[in-house]
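Numbering (the numbering used here), first residue to last: 147 to 534.
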Amino acid sequence: MQETECDVLVVGAGPSGCSAARAAASAGARTLLIEKKKEIGVPVQCAEAIGEYLIPYLPYRIPEKQLVWKINGMLFWADGLSVERTGGIWAGYAIDRVNFDTWLASGAVSAGAELKLATELIDLTLEDDNTVTQALVRTHGGAVLEITPRVVIAADGVHSRVLAELGFIEVENNCVEVLSYELMNLELYKPMLEQLYLGDFSPGAYGYIFPLARNRANVGVGSLFATRKLESCYEEFLELSVVKRQLKQAETVREKSGWAPIQYLSDRWQYGNIILTGDAANQNFKPFVEGVLPGIICGDIAGQTAAEAVFGTATLEVYPSRIADKLGSFFSESDTFLEVLYGLSTSSSATRHLLRLGISAGIFSPDALESLADLDYESIKNRLSTGF
Ligand SMILES: Cc1cc2nc3c(=O)[nH]c(=O)nc-3n(C[C@H](O)[C@H](O)[C@H](O)COP(=O)(O)OP(=O)(O)OC[C@H]3O[C@@H](n4cnc5c(N)ncnc54)[C@H](O)[C@@H]3O)c2cc1C
Numbered sequence: 147m148q149e150t151e152c153d154v155l156v157v158g159a160g161p162s163g164c165s166a167a168r169a170a171a172s173a174g175a176r177t178l179l180i181e182k183k184k185e186i187g188v189p190v191q192c193a194e195a196i197g198e199y200l201i202p203y204l205p206y207r208i209p210e211k212q213l214v215w216k217i218n219g220m221l222f223w224a225d226g227l228s229v230e231r232t233g234g235i236w237a238g239y240a241i242d243r244v245n246f247d248t249w250l251a252s253g254a255v256s257a258g259a260e261l262k263l264a265t266e267l268i269d270l271t272l273e274d275d276n277t278v279t280q281a282l283v284r285t286h287g288g289a290v291l292e293i294t295p296r297v298v299i300a301a302d303g304v305h306s307r308v309l310a311e312l313g314f315i316e317v318e319n320n321c322v323e324v325l326s327y328e329l330m331n332l333e334l335y336k337p338m339l340e341q342l343y344l345g346d347f348s349p350g351a352y353g354y355i356f357p358l359a360r361n362r363a364n365v366g367v368g369s370l371f372a373t374r375k376l377e378s379c380y381e382e383f384l385e386l387s388v389v390k391r392q393l394k395q396a397e398t399v400r401e402k403s404g405w406a407p408i409q410y411l412s413d414r415w416q417y418g419n420i421i422l423t424g425d426a427a428n429q430n431f432k433p434f435v436e437g438v439l440p441g442i443i444c445g446d447i448a449g450q451t452a453a454e455a456v457f458g459t460a461t462l463e464v465y466p467s468r469i470a471d472k473l474g475s476f477f478s479e480s481d482t483f484l485e486v487l488y489g490l491s492t493s494s495s496a497t498r499h500l501l502r503l504g505i506s507a508g509i510f511s512p513d514a515l516e517s518l519a520d521l522d523y524e525s526i527k528n529r530l531s532t533g534f
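Have a look at this one:
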């Protein structure tokens, strides 16, 4: 068996892993980034929307050419009522995840990380305090390589092997499926707006149309509930007249469905010499599992912290508080949102759809929900129209 050593072993070359590897290598740590797929970013399992509000938090600039379509805002729709929000936190861009993740991976390599594709983590040897002493990976062609890392960064996504090795094996109930398809030949109502639908077609679920171009979009459905069967939701979503009108000539380009964490998959973000980042750490914003830019930001902190631990200038224990310092307010807002939306999604009624719309569109604050709960449908509708 071949053997090798490294300072930082990063498992998974998605946004969080590439970012972690770039930061660790930039800080001078001998960094190995392994990715089980043969090609970065393929297949795409994402709706490819990023929020402009997070760009100031990024550790580096995204090149213009990665921002393939400008999004000016969002259109929320429930029960025949629509609300448009533009600018601020509602604006963003569409990206092409294959190109985007490839750009992130080349950033890690340019910083000095070694990238091994078609290389899958298959086993970790752990001491009682969860310190990894050895990692076994299967390389392209089937050979097994034994790695001795000083720090392991788990950036291996929602079906994390590292989490499984730590004993978190029943994580499915904390994850949800998102069905997503790239469609072309669309007649988009407003191509610069993302569209989000809440309604009878999908108790606890949402439908979306996220434009990629004037006549192309990622179209799909997601749910707050792990057990929800989404195929029928998707069919019902496509039957909504406002959706049907835009999709009447639609052709499917490719499927981009996948799974995302909706609840924490583990009780901590650091165990022994392991730190978790990205989806493996549930570092996405709910309810719409926005994880690409949070993954880059958290991955960068993971990589920096890992390198500092290697050089003895910090301990890995500081990692969670560093994340909290940077994105803590977003994560706690996201947790609150999720809780409120769970409460509203346990049963289906037109009034509840409007409340979900009001909360999702940022018109009603979660704190105001109690006072709104007694109002009838028309009163809530009026408040949504006036914004109070
Ligand atoms: C359908 C769908 C739509 C979404 N839409 C959006 C959106 O519009 N905007 C947004 O911001 N977020 C969206 N998300 C969430 C976003 O895709 C994730 O939050 C983001 O990809 C997380 O990045 P990551 O690097 O943590 O994990 P991933 O991108 O999942 O990367 C993990 C990598 O680890 C690799 N890996 C796994 N196991 C191993 C192993 N044992 N050995 C080696 N490598 C391994 C995987 O192959 C993968 O490449 C969506 C998610 C889904 C499912």
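Even for Gly, the Cβ is constructed at its ideal location relative to N, Cα and C.
Under the DSSP definition of a beta bridge, which residues are partnered with residue i?
i    : result
W223 : S228, Y343
A351 : S369
I196 : Y239
D413 : Its beta-bridge partners do not exist; DSSP assigns none.
P407 : C321
N364 : E328, F356
R284 : E266, V290
E185 : Answer is none; E185 lacks a bridge partner.
T89  : This structure gives no information on residue 89, because the portion of the chain shown stretches from 147 to 534.
Thinking C-alpha only, which one of the options is nearest residue i?
i    : options                : result
V456 : F477, L473, N419, K472 : N419
V214 : V244, A514, M220       : V244
E524 : A452, I299, A496       : A496
I235 : C444, G197, A427, V255 : G197
A426 : Q280, F383, C321       : C321
Q395 : E333, I421, G345       : E333
H286 : G474, P205, I180, S478 : I180
R284 : D274, V297, E266       : E266
E397 : A170, E385, N331       : N331
L500 : L358, F483, L518       : L518
T277 : A351, L439, V290, R296 : R296
Which of the three DSSP states, helix, strand or coil, is assigned to residue i?
i    : result
A310 : helix
Q148 : strand
Q212 : helix
I241 : coil
R296 : strand
T461 : coil
F534 : Per-residue confidence for F534 stands at a pLDDT of 47, beneath the threshold of 50, marking its modelled position as unreliable; the derived number appears in the next sentence. The answer is coil: DSSP assigns F534 none of H, G, I, E or B.
N320 : helix
D425 : helix
N528 : helix
D520 : coil
A259 : coil
V154 : strand
R168 : helix
E273 : coil
N315 : A small fix is needed here, since residue 315 is Ile in this sequence, not Asn. The answer is coil: DSSP assigns I315 none of H, G, I, E or B.
I469 : helix
Using a Cβ-based criterion (distance less than 6 Å to any ligand heavy atom), does residue i qualify as near ligand 1?
i    : result
G158 : yes
R231 : no
C152 : no
A452 : no
V435 : yes
G163 : yes
K216 : no
Does at least one heavy atom of ligand 2 sit under 6 Å from the Cβ of residue i?
i    : result
V278 : Judged by which ligands are present, ligand 2 is missing from the structure shown, whose ligands are ligand 1.
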